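S.K.: For the sequence shown, the working numbering begins at 35 and goes up steadily by one. My questions all concern the structure below.
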Amino acid sequence: WHSNEKRCPMFLTQILEIDPGWLGEDWLHQSSDADFYDDAKCLEYLHRWRTIKLLQEVKEEIGHEVFARVWTHFPAVANAGFSLDEVVCTDTTRLIDRESWRREEEEGW
């Protein structure tokens with residue numbers, strides 16, 4: 035799974051071995067050693083990422099203007115736990131960034 039994007043790790047916490055930024059850009063600087071084994075935190079991040087990805091797909095399908103109107107008109111959507119900016123600006127192109135790990139492997143780290 036380390037190098038094959040079609041495979042996944044057995045445990046979500048293993049992703050941090052390959053992608054230390056997986057739980058967010060500032061996560062690594064604010065974490066303790068115990069956080070590297072926190073399955074709940076990893077599962078929460080996975081659910082957040084997947085929900086935002088699905089909302090982005092809907093936005094693409096119906097268009098930004100209609101999506102923004104739905105967001106402001108329906109409280110259940112607006113109170114989903116994310117801001118409209120988070121949905122629009124969160125990068126969901128790749129769940130796990132393996133590039134830095136691959137470079138280190140090639141350089142013989």
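We treat Cβ as the ideally placed atom computed from N, Cα and C, and that holds for glycine. It should be emphasised that the depicted structure is a prediction, and the values quoted were computed from it without experimental measurement.
Taking all protein chains shown into account, do 16 or more other C-beta atoms lie within 10 angstroms of the C-beta of Ile96, making it buried, or fewer, making it exposed?
M.R.: exposed
S.K.: Whose C-alpha, out of Arg82, Trp56, Asn113, Arg41, is nearest the C-alpha of Ser134?
M.R.: Trp56
S.K.: Tell me whether Cys42 sits in a helix, a strand or coil according to DSSP, three-state version.
M.R.: When secondary structure is reduced to three states using DSSP, Cys42 falls in the coil class, being assigned neither helix nor strand.
S.K.: Whether or not the region 97-111 and the region 70-88 are in contact is what I'm after, with contact meaning three or more pairs of Cβ atoms, one per stretch, closer than 8 Å; do they touch?
M.R.: no
S.K.: In angstroms with no decimal places, state the Cα-to-Cα distance between Lys87 and His98.
M.R.: Taking the straight line from one Cα to the other gives about 14 Å.
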